[in-house]
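Engineer:
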Amino acid sequence: MAYWCGAAADDNSLQYRWDGVERVVAVGDVHGSFEPLVTLLQSSGIVDSSLHWVGGSTHLVSLGDLTDRGPDSRLVLDLLIRLQDEARAAGGQVHVLLSDHEVMAAAGDLRHTTREDFATWKDLEDAELRNRALSRFRSGPEGAALTKRAAARRFDDKFPPGFFGRTAAFSNSGRYGRWLLGLPTVVVINRTAFVHAGISATAAMIAGDEINRAHAASLRSLMESRQDLIRSGTLDPETRFAFQASVLFEKLESSEPEIRRTGFRYLDLLNSILFQPDGPLWYRGTAHNQEFDEAATVDKALDALDADRLVIGHTVTSDNRVASRFGGKVLRLDTGMNRQVFGGYPAALILEDNQTRVAYPDQDLVTVPVPEKNESEWKPGELETFLLTAEVILMEEVGKGITKPSRITLRDGNRKARAIFKTVDVSLSKYMRVDNRIEARFKDSYRYEVA
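Note that my numbering has the sequence shown beginning at 133, numbered continuously upward.
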């Protein structure tokens, strides 16, 4: 549990619990889909036709993942930032939860950002900063092999106009980066807890205020360390996230002591709670694991949060509808709002008058969360027995992943199932070289897979 450690956040008394709230409206992962979000907010009485707050004392909860995949991340961010102030003035609240994609933006991981999205940040781009990056590219192995014009074209393809504006905006000195530092990871309203991805067995032992402090402290340290490394020239802002550890590891060996300390602190933070696969920003077990296997963890999490149910996003539901699990203790709210990518529907969860409703405004439909399909496919003990006795009838290489997992098909009588099979169980305290890059404190295990 070492990755939960960190310096205390600036404000140790940040409120994360509210009781007696008359109306709560929650929305799932937006992913740059501005118009569907507006539709949700207008149909649920949160904003008017001018997109100003009319929700009164309502509490609006966004489960995060506002950015990436879609074209309008900045519009989404600007709207919710403004509504936070307007809601407070009217006696309401807008709670935006910290999520993996916003943390990725703070760490320079922009692999899911579209060219259309980058273009919306061009006005924030420093021309001199972009020119210096172009010079670095032209003097590097890829750019040096090209003509000046071809190198410029390749550079613009790799780093579209707006790339450096977006990067700066999510730094600790940028407007959006500073805003991220104030976001909670979990809030509890009327005994309903909200978190972006899920609560693992590790997180289930941690109280909500401690979860928030740990994330806030780690994010602040990550952003400050990254900015110091960029300012010193040790890390270039355009360095791909997958190669940051490798680049730093090579440079830090010959760096000044203070830069070495900063660099290795940054490498440690890349393995902190912010990026752990079982952390609240990433964990998919609450959404995917079999109920009989995950139920005890859900109960422990609710006890730690002093809540009756948990609302999560991060993992798109199988039928793009709001679904319930564990007898209603978990509600899954990611319905794939970004239709172009996920083919889903915008949905709003409305908690009011002791009722739980789901609104699908583009379909003029109001309903209730329904239990996920196939929840009873496996009964307690059946899955273990199946895995012990079933015949492996097909084994395929996945073709991805550094631990070379296999995809297997098993059959026992008429029942057939597929599973991921891996034998790795590695947790290194230092660094390892993977292909042509360095992995910081590499960790992976078969225990992360259901099978």
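Ideal placement from N, C-alpha and C gives every residue a C-beta, glycine not left out. Quick caveat, the model's predicted, so the values are computed rather than measured.
1. Starting from the Cα of T190, find the closest Cα among L198, L215, D197 and give me that residue.
2. Three or more C-beta pairs under 8 Å: does that hold for the segment 384 to 394 against the segment 207 to 224?
3. With a 10 Å radius around its C-beta and 16 neighbouring C-beta atoms as the bar for buried, classify M355 as buried or exposed.
4. Measure the CB-CB distance between S450 and L401 and report whether it falls below 8 Å.
5. Once you ignore the five residues that flank S508 on each side, which residues in its own chain have a CB closer than 6 Å to its CB?
6. Going by C-alpha to C-alpha distance, which of M469, D161, D241, V157 sits closest to S175?
7. Work out the CA separation of F250 and G306 for me, nearest whole Å.
8. Please identify the residue among L261, R453, L211, D197 whose C-alpha is closest to the C-alpha of L183.
9. Taking L399 as the reference, which of S378, Y492, N546 has the closest Cα?
10. For a quick check, are the C-beta atoms of V502 and A491 less than 8 Å apart?
11. I'd like the span of the alpha helix (DSSP H) that includes V235, first residue to last.
12. Counting Cβ pairs, one atom from each stretch, are 3 or more of them under 8 Å apart for the segment 160 to 170 and the segment 473 to 482?
13. Ordered along the chain, which non-local residues of its own chain (more than five positions away) have a Cβ less than 6 Å from that of A335?
14. Measure how close the beta-carbons of N344 and Y148 come, nearest whole angstrom, since I'm counting them as under 8 Å.
15. Could you tell me which whole beta strand (DSSP E) segments of length 3 or greater appear in the segment 348 to 410?
16. Excluding five sequence neighbours on each side, which residues of the same chain lie with their C-beta closer than 6 Å to the C-beta of S303?
17. Starting from the C-beta of D440, find all residues in its chain whose C-beta is less than 8 Å away, skip the five residues before and the five after it, and write them out in chain order.
18. Comparing C-alpha positions only, which one of L146, P203, G177, L437 sits nearest to H227?
19. For S659, which of F381, N403, K383 has the nearest alpha-carbon?
20. Is the CB-CB distance between G294 and E234 below 8 Å?
21. Among I525, F474, A333, A221, whose alpha-carbon lies nearest the alpha-carbon of V430?
22. Expressed to the nearest angstrom, what Euclidean distance is found between the alpha-carbon atoms of K548 and L542?
Structural biologist: A quick look at the data gives this:
1. Walking along the sequence shown from the start, residue 190 turns up at place 58. Checked all of L198, L215, D197; the closest Cα to T190 is L215.
2. Taking a cut-off of 8 Å for Cβ pairs, the segment 384 to 394 and the segment 207 to 224 do not touch, as fewer than three such pairs fall below it.
3. Here residue 355 is taken as the residue at index 223 of the sequence shown, counted from 1. Residue burial is scored here from C-beta neighbours: M355 has at least 16 other C-beta atoms within 10 angstroms and is therefore classed as buried.
4. What you label residue 450 is simply residue 318 of the sequence shown in a count that begins at 1. What you label residue 401 is simply residue 269 of the sequence shown in a count that begins at 1. Judged by beta-carbon spacing, L401 lies beyond the 8 Å limit of S450, meaning their Cβ atoms are not closer than that value.
5. Mapped onto the sequence shown, residue 508 falls at position 376. Residue placement at S508 cannot be trusted, given a pLDDT of 49 that sits under 50; what the coordinates show is reported in the next sentence. Once the five neighbours on either side are set aside, S508 has no close Cβ partner at all.
6. The residue labelled residue 175 in the question sits at position 43 within the sequence shown. The closest CA to that of S175, considering only M469, D161, D241, V157, is found on V157.
7. Here residue 306 refers to the residue found at position 174 when the sequence shown is read from its first residue. Here residue 250 refers to the residue found at position 118 when the sequence shown is read from its first residue. If I take the Cα positions, the gap works out to 16 Å.
8. Working through the sequence shown from its first residue, we reach residue 183 at position 51. It is L211 whose Cα lies nearest to the Cα of L183.
9. Against the sequence shown, residue 399 aligns to sequence position 267. That would be S378, whose Cα lies nearest to the Cα of L399.
10. On the sequence shown, residue 502 is found 370 positions in, with the first residue counted as 1. On the sequence shown, residue 491 is found 359 positions in, with the first residue counted as 1. No; because the gap between Cβ atoms is not below 8 Å, this pair is not in contact.
11. By one-based count along the sequence shown, residue 235 stands at place 103. Element bounds for V235: 232 to 238.
12. Flag = yes, the segment 160 to 170 and the segment 473 to 482 touch.
13. The residue you call residue 335 lines up with position 203 of the sequence shown. Beyond the five residues adjoining it in sequence on each side, A335 comes within less than 6 Å, by CB distance, of P412 in the same chain, given in chain order.
14. Here the question's residue 344 lines up with position 212 in the sequence shown. Here the question's residue 148 lines up with position 16 in the sequence shown. Between Y148 and N344 the Cβ distance is about 6 Å, and since that is below 8 Å, they are a contact.
15. Listed in chain order, there is nothing to give.
16. As a first step, residue 303 is located in the sequence shown; it is residue number 171 there, counting from the start. Closer than 6 Å at the Cβ level, and outside the excluded window around S303, lie G309, Q359.
17. If you number the sequence shown from 1, residue 440 lands on position 308. Excluding sequence neighbours, D440 sits near R323, T324, L434, K461.
18. Your numbering for residue 227 matches position 95 in the sequence shown. Closest by alpha carbon: L146.
19. Only positions 133 to 583 of the chain appear in this structure, which leaves residue 659 out of reach.
20. The residue you call residue 294 lines up with position 162 of the sequence shown. The residue you call residue 234 lines up with position 102 of the sequence shown. The answer is no: Cβ separation not under 8 Å.
21. As a first step, residue 430 is located in the sequence shown; it is residue number 298 there, counting from the start. Looking from the CA of V430, the closest CA among I525, F474, A333, A221 belongs to A333.
22. Start at 1 with the first residue of the sequence shown, and residue 548 comes out as number 416. Start at 1 with the first residue of the sequence shown, and residue 542 comes out as number 410. Rounded to whole angstroms, the gap between the alpha carbons of K548 and L542 is 6 Å.
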